[in-house]
Every structure is written in C-alpha cells, then in structure tokens.
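> Pasting in a structure now, in structure tokens, and then I'll have a few things to ask.
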Amino acid sequence: MLKTMDPNLIRELLKGHEDILGPEVKAEESFYRNTRCPMCGQGDCQKKIYPTRAVITEEGDVEVVESPFNGGILPDGYAHCIHCDTDFNPHTGMIFSTEASIIHGPEGGFPHTP
Numbered sequence: 831m832l833k834t835m836d837p838n839l840i841r842e843l844l845k846g847h848e849d850i851l852g853p854e855v856k857a858e859e860s861f862y863r864n865t866r867c868p869m870c871g872q873g874d875c876q877k878k879i880y881p882t883r884a885v886i887t888e889e890g891d892v893e894v895v896e897s898p899f900n901g902g903i904l905p906d907g908y909a910h911c912i913h914c915d916t917d918f919n920p921h922t923g924m925i926f927s928t929e930a931s932i933i934h935g936p937e938g939g940f941p942h943t944p
C-alpha cells in the first residue's frame, strides 16, 4: 500500500533548499511542446514516462529490470502526439506505435520524406 506524505510536511522539509527540479521540468516541457510528430507533423507533443518493469526472482524477491530513472534527475520518456496518437522517440523520430488511420504527407509518405 502506498501512503502519501502530508503536503505541509513536505513543504516544511523543503524550505531553504534550492529548486533543482523546477527549471529542468520547464525545459523538458518546452522541448516536448516544440517536438514535431514524424507521422502528422504537428507539434505540442506530451511526454509519457516509460514504465518500470520488475520481475520476481526465484528467491521471491522483486527485482527492477528496467527503470525510467537512468542517470538524469528526471525520468526517461517518449513523446506522444496528441493529434494522431503516435508514440515516438523525440530525439530520433523513431516511431513505437501509432493509431493514425492514414499517413499524411506528400505522395502518401511520411511528411518529411521525398
């Protein structure tokens, strides 16, 4: 069972500490908002966080085999286009899944292909 902390207690504990997450979150939100979908070419994408994957070992222990926290202060994620429901890597444009019923663009191809 997950029990959340009292928000007032959290605020009290954080008093006097530098906000290192706020600027990172704002920069990342801007990056995803300005990312264009490789399927439909629209902007204003959302960040989705990769789920944590865990397995139960032979000893009965829970072992995390994949985590969205891989070195940065924010979890890793992927872009989700709110216009055509395409999920893709915002850095490479690699498409993971799409719900698009038709491919838009010149000659029926991707928007950025000749």
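Using the working numbering, the first residue of the sequence shown is number 831, and each one after it goes up by one.
Glycine residues also receive a C-beta, built at the ideal position from the N, C-alpha and C atoms.
(1) Give the list of continuous beta strand (DSSP E) stretches no shorter than 3 residues that lie fully inside the region 846–882.
(2) So, does the region 880–888 touch the region 896–909, judging by three or more C-beta pairs under 8 Å?
(3) Start and end of the beta strand (DSSP E) containing Glu801?
(4) Skipping 5 residues on each side, what residues in its chain have a beta carbon closer than 7 Å to that of His913?
(5) Using a Cβ-Cβ cut-off of 6 Å (strictly less than) and excluding sequence neighbours within five positions of Arg863, which residues of its own chain qualify?
(6) Which value, in whole angstroms, describes the spacing of the CA atoms of Gly924 and Phe918?
(7) Taking the alpha helix (DSSP H) that Ile903 belongs to, which residues open and close that run?
Result, derived from the coordinates:
(1) 876–879
(2) yes
(3) Here the chain covers residues 831 to 944 and nothing more, so residue 801 does not appear.
(4) Cys867, Cys870 and Gln872
(5) Asp874
(6) The sequence given here places Met at residue 924; Gly does not occur at that position. Taking the straight line joining both Cα atoms gives about 5 Å.
(7) It is not in any alpha helix (DSSP H) - Ile903 carries neither H nor E in the DSSP assignment.
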